[in-house]
Each structure stands twice: as structure tokens, then as C-alpha cells.
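A.B. asks:
Numbering (the numbering used here), first residue to last: 1 to 101.
Below is the structure:
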């Protein structure tokens with residue numbers, strides 16, 4: 001039973017339906033054709049989730065927190081701070097040595 005994505009207005013509804021889709025697709029009784037239909041529905045739900053996020057209105061406290069985090073990131077970059085998302089050099093070297101061993 002497909003859900004009309006236009007009727008979904010809350011992010012929680014999207015995640016709930018995606019969980020249902022995952023459960024159904026994992027079932028050995030689900031045909032390939034049905035799995036593909038559910039995949040298409042999941043793509044539509046993902047697009048709807050992006051729309052919801054893009055149109056989200058934040059509270060003043062949320063906006064301040066988001067802007068504060070962005071400003072902190074920009075200040076760190078301007079000060080020449082290393083990117084914290086990358087592994088540190090010694091750990092990367094250790095990993096490379098293990099891979100070559």
C-alpha cells in the first residue's frame with residue numbers, strides 16, 4: 001500500500017514510512033517489482049524531506065546557535081586551524097604502515 005507523499009507534512013512521518021519500506025524490502029516475501037516500487041516511493045520521500053528541511057523555520061535560539069557554529073568554523077579557518085574532520089597525520093601514517101605490512 002503506497003502512501004501519497006504529498007499528504008506527508010512532517011519529518012517524523014517520512015522517517016516512519018521509510019522504516020516501513022525498509023522492513024518490507026528486507027522481507028524475503030517481497031517481489032522485485034514491489035521492491036522497485038518501494039524504492040521509487042523512498043526516493044520521493046527523500047525529496048520531500050529535503051523540501052521540508054529547506055523550508056524549515058528556525059526559532060531565534062536555533063538560528064543563533066547555527067550562526068554561532070558557522071562563525072566559529074569560519075574563525076577557525078581564518079586562524080589557520082586544521083580541519084578537525086580529517087584524521088591527524090600520525091594516525092594516518094600508522095594506518096598506512098599497517099596497510100603496507
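Quick reminder that beta carbons are idealized off the backbone N, C-alpha and C, glycines included.
#1: If you follow the alpha helix (DSSP H) that residue 26 is part of, which residue opens it and which one closes it?
#2: What's the gap between the Cα of residue 10 and the Cα of residue 58?
#3: Is the beta carbon of residue 42 sitting closer than 8 angstroms to the one on residue 8?
#4: How big is the Cα-Cα spacing for residue 32 and residue 23?
#5: Can you tell me where the alpha helix (DSSP H) holding residue 58 begins and where it ends?
C.D. replies: In short, the structure shows the following:
#1: 11-26
#2: 15 angstroms
#3: no
#4: 14 angstroms
#5: From DSSP, residue 58 is part of no alpha helix (DSSP H); its letter is neither H nor E.
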